[in-house]
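Residue numbers (our numbering), protein chains in the order written: chain A, 30 to 319; chain B, 209 to 564.
For every residue, glycine included, the Cβ atom is placed at its ideal position computed from N, Cα and C.
Before any comments, here is the structure.
Set out below in structure tokens:
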């Protein structure tokens, strides 16, 4: 009886604390999403009247610019994810295994530091550095390495660099936590048995860090795919990102129905890509999330 | 016990005073373009009326999207262009009719007031009054591009890598005029308009390699013109004149096929909370000396009647230099945009942006 009463009270307490979260989720996230979902299946004809239709989804597959933009965005996102991994692995390895434990915290904070300012400010920083009349060009000209200033901004390579820079942290942190549990003696033993760097990397480090790699990759991939600022500001004239396509539908064309359909397609297709990635690497989502 | 209750009374009174103090500090939520609410005028307005102006910067498309999302709530006053009001109002009902009896119409140039009234008429009621006007045309660095005279130069290989414009509807309209078409005459015929836009889009894609960047923000454009990265841009006259004041080589040029004339307005959102303050701000901003202060700072023409005498000589010189009579007569004023055209234009612009 007594125990039951306590149970009840606990439950009511829990309910009380969960109500704001619940209201927040339902009113501000679930309901608008449902509204968008309904909107994506409707087509407006002229002034105010609309009807049910799959037209918005069909548009995506029938208009090459739409799905080509998505493919481009997805391919670049995969590339960014891979490059981020390549850059982040040595960094994470250095922090966890090479450097003196006393400096580990300091180095992690150094990694975090750029994230204390907003993404917009960081991107503008890059723009000041890279533009034709920018800092880097100025120095290269001064040193006589260049005769003419080069436009480094507004190119795909620049955009990819910006995206890798933006998402580095989200790869390094899971890698650090994955590598921390790696026993140093395994690497030492491998060296004793005559293994070289490459085989240690492929046979010991990467297999051990796989859960970290996969969870980092999912986060980086999703963030890159959904990024709007960096491609828009650094990418220049050719860089139509799929998120910009959504923005254009909502803002420039006033076509909210098409915009929401694109939004859900982005959600669905990116989930499919992540699922495929998990299948290909034979990973289990539950294990990765842990 | 008594002491306690005295304290609580004091506390309640204190809270009430603070609370009403907040209510007394009246606010005007203004949705406008960058530069349309200069700080000195905002401060002057506050001194005169006690109303604080909360400014949100935006552009035509975002203004409509924001007001559409809230069905006309969240702002007390907006400043869309006159051609983007009537069809939007018919579709989404985001504005309320403007009460001309509350506007000091002596302060407004009569022809402009009448034109905006006609163009924003929905259900027999006007929805906006004019605030300022300007044109889109070419901003040219004479040192590098002395021969640029028309929009078609935006597609000219001669200026390879030194061209910049916005991927927005004015560019499409401008290039259509430069191609000898009259896009405004095709507004009423969706099919013809789509065909025209496709043609313009193809030309833009073919000339895409010559483009340096599609600018999205006015400050970024000014910076790239200043630094000499861009020699030829399509932009607003005010932007060109601002640059002219810094570097006499750069100036606005009214293109041969006609500068595109726009009028930005005052329109009151449907669910504005402080309508009274909105009218106060409108009358305040159109008072000749205030309107002139705005024009002197931003260089855009004003709709205020009698502001001319307060204008700086350099600002008057801008108009005289770039708009002799024949250019004024050639200005193409935007008629109201019918619904549906936006998605045709949007698709064309998407294609241009996506093209490699």
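Proximal residues to residue 395 of chain B (C-beta, below 8 Å), its chain only, five neighbours per side dropped: Counting only Cβ-Cβ distances below 8 Å, and skipping sequence neighbours, we find 401, 543, 545, 546 and 549.
Cα-Cα, which of B:303, B:282, B:345 and B:420 is closest to residue 530 of chain B? Nearest of B:303, B:282, B:345 and B:420 to residue 530 of chain B, Cα basis: B:345.
Give the straight-line distance between the Cα atoms of residue 403 of chain B and residue 454 of chain B, rounded to the nearest whole angstrom. Near 42 Å, if we compare the C-alpha coordinates of residue 454 of chain B and residue 403 of chain B.
Closer than 8 Å by C-beta to residue 117 of chain A: which residues in its own chain qualify, once you throw out the five before and the five after it? Chain order, please. So the list reads 197, 200, 201, 204 and 245, once near-sequence residues are dropped.
What are the boundary residues of the alpha helix (DSSP H) that residue 327 of chain B is part of? Counting along the chain, the alpha helix (DSSP H) containing residue 327 of chain B begins and ends at 318-327.
Beta strand (DSSP E) containing residue 419 of chain B: first to last residue? Where residue 419 of chain B is concerned, the enclosing beta strand (DSSP E) starts and stops at 419-422.
Taking all protein chains shown into account, do 16 or more other C-beta atoms lie within 10 angstroms of the C-beta of residue 147 of chain A, making it buried, or fewer, making it exposed? It is exposed - the Cβ of residue 147 of chain A has fewer than 16 other Cβ atoms within 10 Å.
Own chain partners of residue 119 of chain A with C-beta closer than 7 Å, once the 5 adjacent residues on each side are dropped: Excluding residues within five positions, none has a Cβ falling inside 7 Å.
So for residue 293 of chain A, helix, strand or coil by DSSP? Collapsing the DSSP output to three states places residue 293 of chain A in a helix.
Does any C-beta atom of chain A lie closer than 8 Å to the C-beta of residue 472 of chain B? Not closer than 8 Å to any Cβ of chain A, the Cβ of residue 472 of chain B fails to qualify, so no.
Residue 322 of chain A, buried or exposed, once every other Cβ within 10 Å from all chains shown has been counted against 16: Residue 322 of chain A lies beyond the stretch modelled for chain A, which goes from 30 to 319, so this question has no answer here.
Considering residue 443 of chain B, what are the terminal residues of the beta strand (DSSP E) in which it resides? Secondary structure note for residue 443 of chain B: its beta strand (DSSP E) is the uninterrupted segment 440-444.
Closer than 7 Å at the beta carbon, the chain B residues around residue 290 of chain A: By Cβ distance, chain B contributes nothing, its closest Cβ being about 13 Å from residue 290 of chain A, past 7 Å.
Candidates B:262, B:432, B:519 and B:473, of which the one nearest residue 502 of chain B by Cα: Shortest Cα-Cα distance from residue 502 of chain B to any of B:262, B:432, B:519 and B:473 involves B:519.
Determine the direct distance from the alpha carbon of residue 122 of chain A to that of residue 441 of chain B, and round the result to whole angstroms. Straight-line spacing of the CA atoms in residue 441 of chain B and residue 122 of chain A works out to 49 Å.
Let me confirm a value: residue 227 of chain B is counted as buried when at least 16 other C-beta atoms fall within 10 Å, else exposed. Which label applies? With a pLDDT of 49 at residue 227 of chain B, under the threshold of 50, the modelled position of that residue is not reliable, and the figure given next carries that caveat. It is exposed - the Cβ of residue 227 of chain B has fewer than 16 other Cβ atoms within 10 Å.
Just curious, the beta strand (DSSP E) that residue 349 of chain B is in, first and last residue? Per DSSP, residue 349 of chain B belongs to the beta strand (DSSP E) from 337-349.
Should residue 242 of chain B go down as buried or exposed, given a rule of 16 or more other Cβ atoms within 10 Å for buried? By the beta-carbon neighbour count (other beta carbons within 10 angstroms, threshold 16), residue 242 of chain B is exposed.
Just confirm the distance between the C-beta atoms of residue 347 of chain B and residue 338 of chain B, as a whole number of angstroms; I'd bet it's less than 8 Å. Contact flag wrong, Cβ pair sits at about 24 Å.
Classify residue 236 of chain B as helix, strand or coil using the three-state DSSP reduction. In the structure shown, residue 236 of chain B adopts extended strand secondary structure according to DSSP, grouped into three states.
From residue 281 of chain B to residue 82 of chain A, what does the alpha carbon distance come to, in whole angstroms? Each residue's Cα considered, the two are about 30 Å apart.
Going along chain A in order, which residues have a C-beta closer than 8 Å to the C-beta of residue 557 of chain B? Chain A residues near residue 557 of chain B: 277 and 281.
Unbroken beta strand (DSSP E) runs of length 3 or more, entirely within the segment 360-396 of chain B: which are they? For the segment 360-396 of chain B, whole beta strand (DSSP E) runs of length 3 or above, ordered along the chain, are 371-373.
Please tell me whether residue 430 of chain B and residue 343 of chain B are closer than 8 Å, where the distance is taken between their beta carbons. No, they are not a contact pair.
Is DSSP giving residue 311 of chain A helix, strand or coil here? Three-state DSSP puts residue 311 of chain A in coil, outside helix and strand.
Give me whichever residues DSSP pairs with residue 469 of chain B in a beta bridge. Beta-bridge pairing links residue 469 of chain B to B:343 and B:541.
Among the residues of its own chain, which have a CB less than 7 Å from the CB of residue 474 of chain B, if the five just before and after it don't count? Counting only Cβ-Cβ distances below 7 Å, and skipping sequence neighbours, we find 285, 287, 336, 337, 339 and 490.
Using a Cβ-Cβ distance under 8 Å, would residue 416 of chain B count as near chain A? Yes - at least one Cβ of chain A is within 8 Å of the one on residue 416 of chain B.
Whole beta strand (DSSP E) elements within the segment 458-523 of chain B, 3-residue minimum: Entirely contained in the segment 458-523 of chain B, the beta strand (DSSP E) runs reaching 3 residues are, in chain order, 458-461 and 468-474.
Within its chain, find whatever has a CB closer than 7 Å to the CB of residue 255 of chain A; leave out the 5 residues flanking it on each side and keep chain order. If we look at residue 255 of chain A and ignore the five residues flanking it on each side, its Cβ neighbours are 272.
For residue 297 of chain A, is the classification buried or exposed, using 16 other Cβ atoms within 10 angstroms of its Cβ as the cut-off for buried? Counting Cβ neighbours within 10 Å, residue 297 of chain A comes out exposed, since fewer than 16 surround it.
Figure out for me which residue from A:223, A:219, A:243 and A:43 has the closest Cα to the Cα of residue 233 of chain A. Residue nearest to residue 233 of chain A within the set A:223, A:219, A:243 and A:43 is A:219 (criterion: CA-CA distance).
How would you list, in chain order, the residues of chain B whose beta-carbon sits under 8 Å from the beta-carbon of residue 161 of chain A? Within chain B, the residues near residue 161 of chain A are 435 and 437.
Using beta carbons (cut-off 8 Å, strictly below), is residue 330 of chain B in contact with chain A? No, its Cβ sits nowhere closer than 8 Å to a Cβ of chain A.
Could you give the uninterrupted runs of the alpha helix (DSSP H) lying entirely in the segment 223-300 of chain A, keeping only those of 4 residues or more? You should have 226-229, 235-254, 258-263 and 271-276.
Counting along the chain, where does the alpha helix (DSSP H) carrying residue 431 of chain B start and finish? Counting along the chain, the alpha helix (DSSP H) containing residue 431 of chain B begins and ends at 426-434.
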